[in-house]
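In our numbering, the protein residues as written are 85 to 232.
Virtual Cβ for every residue (Gly too), placed ideally from N, Cα, C.
Everything on this sheet refers to the single structure shown next.
What follows is the structure, given as structure tokens:
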């Protein structure tokens, strides 16, 4: 069995250290995130490490719509991350609230609570799309400091 998390910080990793948070939804994108994050060798080549502790991460991959129950948890994770921070809204629900946007408890996409750097729409997003978007963000981060 491969270890899925690292205790190294983003700076020690010379890349990005990613933490994942599921805000809710159908979990379709979470399955794709797990498929992506279990490609350990592919991720290492790109300089991506998965961490479980937000204080050791400089990138957040968030899935699902934000609701009143999870908004403070999402904000807390973001606040604990290292600078410069990268936030990826993965899936239509994370981008806009998706099919849950009119539900009473749903606030909308991730950007209703924290700033988002990269939107990866889809239902559900494929692992290749996630890796491609993260790879482009890493290149921009190393060239300019933070993607726009």
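Residue i - DSSP class collapsed to helix/strand/coil
i, result
"residue 122", "coil"
"residue 195", "helix"
"residue 96", "Low local confidence applies: a pLDDT of 49 at residue 96 is under 50, so the model's placement there is unreliable, and no value is given."
"residue 171", "strand"
"residue 164", "helix"
"residue 208", "coil"
"residue 224", "helix"
"residue 202", "strand"
Nearest-angstrom Cα separation, counted from residue j out to residue i
i, j, result
"residue 153", "residue 163", "17 Å"
"residue 87", "residue 136", "The predicted position of residue 87 is uncertain, since its pLDDT is 32 and thus under 50; no value can be drawn from it."
"residue 122", "residue 217", "17 Å"
"residue 107", "residue 213", "20 Å"
"residue 170", "residue 219", "12 Å"
"residue 215", "residue 222", "10 Å"
Beta-carbon spacing of residue i, residue j below 8 Å
i, j, result
"residue 133", "residue 101", "yes"
"residue 145", "residue 104", "yes"
"residue 126", "residue 147", "no"
DSSP beta-bridge partners of residue i
i, result
"residue 184", "DSSP, once it has assigned bridges, lists no residue as partnering residue 184."
"residue 152", "For residue 152, which the question treats as bridged, DSSP gives no partner whatsoever."
"residue 106", "147"
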